[in-house]
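**Student:** Got a structure for you, written out below as C-alpha cells; questions coming shortly.
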Amino acid sequence: MKIKNCTLFIVVLGLMIGCQPQKKGEGKLGQVELEEVLSIGSIDDDAIFMWSGVAADDDGNIYVTDMMDYSLKKFDPSGRLLKKAGGKGEGPGEFLAPLALSCSLERIYVKDQYEPGIMVFDKDLNFLRKIPSRRYISGFKAISDECIAVTYLSVLTKGSIYFINEAGQVLRKFNYMTKDKNVMMGQVNMEIDADNNVYLAYTFQDRIEKYDGEGNKIWTRNLLDRKKVEKKMVRGLNLPAQIIYKTIVQDSLGRLYVLGGGLSKNKGRDVYVLNQEGEHLTTFTLAEDSHLIYFDSRDNLYARANSGITLKKFKLHLKTI
Amino acid sequence: MRNIIKNNKVFVITILFLALFVTYGAPMLEAGSCEKAFELCMNTFISSIYGMNFMYCGTGYLFCIKYIERK
Numbered sequence: 061m062k063i064k065n066c067t068l069f070i071v072v073l074g075l076m077i078g079c080q081p082q083k084k085g086e087g088k089l090g091q092v093e094l095e096e097v098l099s100i101g102s103i104d105d106d107a108i109f110m111w112s113g114v115a116a117d118d119d120g121n122i123y124v125t126d127m128m129d130y131s132l133k134k135f136d137p138s139g140r141l142l143k144k145a146g147g148k149g150e151g152p153g154e155f156l157a158p159l160a161l162s163c164s165l166e167r168i169y170v171k172d173q174y175e176p177g178i179m180v181f182d183k184d185l186n187f188l189r190k191i192p193s194r195r196y197i198s199g200f201k202a203i204s205d206e207c208i209a210v211t212y213l214s215v216l217t218k219g220s221i222y223f224i225n226e227a228g229q230v231l232r233k234f235n236y237m238t239k240d241k242n243v244m245m246g247q248v249n250m251e252i253d254a255d256n257n258v259y260l261a262y263t264f265q266d267r268i269e270k271y272d273g274e275g276n277k278i279w280t281r282n283l284l285d286r287k288k289v290e291k292k293m294v295r296g297l298n299l300p301a302q303i304i305y306k307t308i309v310q311d312s313l314g315r316l317y318v319l320g321g322g323l324s325k326n327k328g329r330d331v332y333v334l335n336q337e338g339e340h341l342t343t344f345t346l347a348e349d350s351h352l353i354y355f356d357s358r359d360n361l362y363a364r365a366n367s368g369i370t371l372k373k374f375k376l377h378l379k380t381i
Numbered sequence: 004m005r006n007i008i009k010n011n012k013v014f015v016i017t018i019l020f021l022a023l024f025v026t027y028g029a030p031m032l033e034a035g036s037c038e039k040a041f042e043l044c045m046n047t048f049i050s051s052i053y054g055m056n057f058m059y060c061g062t063g064y065l066f067c068i069k070y071i072e073r074k
C-alpha cells in the first residue's frame, strides 16, 4: 500500500512539474545552425557600397543605410532594390554619413553620424521631418510611430535612456548607473521588449543588464570574465579601445542575442544567446565579423559580410537539448 | 574599388571619417586607427560649447571601433 501511494505521489509530482508553463525562450540550447537565405550586394554589383544600419518591416522589405553612397535603400524580400533616397548634403533628407536605422510600423528613422537629431522617412522613403536634438545621438530604437528610445554620448558617465516623440520632446527618462569614472564607459547597446523591459549590453564593460519598465534592475550578467578593457590616452581622455559587446537584440521568443566584440574568442563573430532571465543558453559564431546583428519579426538574422559590401540574411536553426 | 574596401581596413577607417574632414576642410587621414582619427577630429572640430567636440568626435569613434574590428 505504501509503495502504491509512493508511486502515485511520484507520478502526480512528475505531472505537476511537467505541466509547469515554460517561459518564453527558455530551454537549454545546443548547436545553432545558420542557413543563409539571402545575400544582398557583392563585389561585382552596385547594390551596396558599405552598409551601416539595417531594419526590416513586417512585409519582409529590407531597409539599409549605405554610408559610402550617402543613401537609404529599400530592398524587396528577394533582395531587389526598390528605391533609393538621400544623397550627399546637409539638406532635408540628405546625409553626410548615415549610420543607425530603426523602423516602426509606418516610419523609418535614420541617424547621421555628423548631424544631431533623427531623420524620419515613410516606408516609400519619402523624407517627412527631422526630429530635433541638441546633442549627438549614440544609439536609438524605434518603439512605435510615436516613441523612440534614445541614448546620447555624454562627457558624464551617468547613463540615461530618453523616450522621445517625433517633436523631440522627452516623454520619460530611464536612468542606469555606472560606477566607472572614465569616459564612454556608460555607453550601452539597448533592446526593449513589448513589456517595456530594457536590456543593456555595455559597449566597454563586460556587463549585460535587465531593467523593468520602472527602471528597477532585474539582473546583471557578465559572460567574458573580463574586468577591464584596454584604454588609450588621447587628448587627455582615457579612451576605451576595445569593444566588449556590439549589439543586443531579441527574437520573437524573447531570447537575447549579444554580439561580442574584440574580447570574444572570435572577434566580432561570437553571438551569445541568453534567455530573459539572463541564463546563457549557448554561443554560436558568424562566418564573418560584423558590427551589428539584427532580427526581423520572422526571426531571420542579418549580419555583415565582405567588410560591409554584403548584407546576409540567415534562418536560425536552434536545437534544444 | 570594392577590392580596396575589402582588403584594406585603414581605407575603411579613412572613409568613416572622410565626411567629417571634407566638411571641415581638414586634411584627409593618411592612415591610422580610430584613436588617431578621434584625435585628429578633436583637433579639428572647434566648438564653444563645453564637451561638444567630444560628443561630435566620440560618436564617430564609437562607430569606428565597432565597425573596424582589430584582428
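These protein sequence lines map, in sequence, to chains A and B. All residue numbers for the first sequence refer to my numbering, where the first residue is 61 and numbers rise by one. All residue numbers for the second sequence refer to my numbering, where the first residue is 4 and numbers rise by one. From the three backbone atoms N, C-alpha and C, an ideal C-beta is built for every residue, glycine too. Since we're looking at a predicted model, the values are computed, not measured.
#1: With distances taken between CB atoms, is the gap from A/Y317 to A/I353 smaller than 8 Å?
#2: Please name the residue in B/M45, B/M58 and B/G54 whose C-alpha comes closest to that of A/H211.
#3: Is the shortest distance between the beta-carbon of B/I49 and the beta-carbons of chain A less than 8 Å?
#4: Which residues, taken in chain order from the stretch 59–70 of chain B, show a beta carbon closer than 8 Å to some beta carbon of chain A?
#5: Buried or exposed: which applies to A/H377, given that a residue is buried once 16 or more other Cβ atoms fall within 10 Å of its Cβ?
#6: Between the Cα of A/V92 and the Cα atoms of A/L346, A/A116, A/A301 and A/I122, which residue gives the shortest distance?
#7: With A/F223 and A/L231 assumed to form a contact (beta carbons below 8 Å), what rounded beta-carbon distance in angstroms separates them?
#8: Under 8 Å, do A/G146 and A/G153 count as touching if we go by C-beta distance?
#9: Work out the CA separation of A/V258 and A/G448 for me, nearest whole Å.
#10: Are the beta-carbon atoms belonging to A/Y130 and A/K148 less than 8 Å from one another?
#11: For A/E269, which residues does DSSP report across the bridge?
#12: Where do the ends of the alpha helix (DSSP H) carrying B/Y64 lie?
#13: What are the partner residues of B/F41, as DSSP defines its beta bridges?
#14: What span of residues does the beta strand (DSSP E) with A/S350 cover, start to end?
#15: Return the chain-ordered list of same chain residues with a C-beta closer than 7 Å to the C-beta of B/F48, the five sequence neighbours on each side being excluded.
#16: Considering just the uninterrupted stretch of the beta strand (DSSP E) at A/Q247, what are its terminal residues?
#17: For A/G219, would you say it is in contact with chain B, using Cβ-to-Cβ distances shorter than 8 Å as the test?
#18: What's the gap between the Cα of A/M293 and the Cα of A/I191?
#19: Looking only at its chain, what residues have a beta carbon closer than 7 Å to the beta carbon of A/G85, apart from the 5 residues adjacent to it on each side?
#20: Where does A/N335 sit, in a helix, a strand or coil, going by DSSP?
#21: Looking only at its chain, what residues have a beta carbon closer than 7 Å to the beta carbon of A/T342, apart from the 5 residues adjacent to it on each side?
#22: With burial defined as no fewer than 16 other Cβ atoms inside 10 Å of the residue's Cβ, what is the status of A/V404: buried or exposed?
**Tutor:** Considering the structure as presented:
#1: Yes. Within cutoff.
#2: First, the residue type needs correcting, since residue 211 of chain A is Thr and not His in the sequence shown. Considering only alpha carbons, the answer is B/M58.
#3: Answer no: the Cβ-Cβ gap between B/I49 and chain A never drops below 8 Å.
#4: Within the stretch 59–70 of chain B, the qualifying residues are Y59, G61, T62, G63, Y64, L65, F66, I68, K69 and Y70.
#5: So A/H377 ends up on the exposed side.
#6: Checked all of A/L346, A/A116, A/A301 and A/I122; the closest Cα to A/V92 is A/L346.
#7: About 5 Å separates the CB atoms of A/F223 and A/L231; that is less than 8 Å, so the two are in contact.
#8: It is a contact, given that the beta carbons lie within the stated cut-off.
#9: Residue 448 of chain A is absent from the model: chain A starts at 61 and stops at 381.
#10: With contacts defined as CB atoms closer than 8 Å, A/Y130 and A/K148 qualify as a contacting pair.
#11: Partner(s): A/L260 and A/T280.
#12: Counting along the chain, the alpha helix (DSSP H) containing B/Y64 begins and ends at M55 to Y70.
#13: Under DSSP, no beta-bridge partner is assigned to B/F41.
#14: Looking at the DSSP string, A/S350 is not in any beta strand (DSSP E), and its letter there is neither H nor E.
#15: Counting only residues of its own chain and dropping the five nearest sequence neighbours on each side, B/F48 has a CB closer than 7 Å to the CB of Y27, N56, Y59 and C60.
#16: Taken as a continuous stretch (DSSP letters only), A/Q247 belongs to no beta strand (DSSP E), as it is neither H nor E.
#17: It does not: the Cβ of A/G219 has no partner Cβ on chain B nearer than 8 Å.
#18: Between the alpha carbons of A/M293 and A/I191 lies a distance of about 34 Å.
#19: Because the pLDDT of A/G85 is 46, which lies under 50, any placement of that residue in the model is unreliable, and the number read from its coordinates should be weighed accordingly. L313, G314, R315, N335 and Q336.
#20: Secondary structure of A/N335 (DSSP, three-state): coil.
#21: Taken in chain order, the residues that qualify are L89, G90, V92 and V333.
#22: With chain A represented from 61 up to 381, any question about residue 404 of chain A goes unanswered, as that position is not in the structure.
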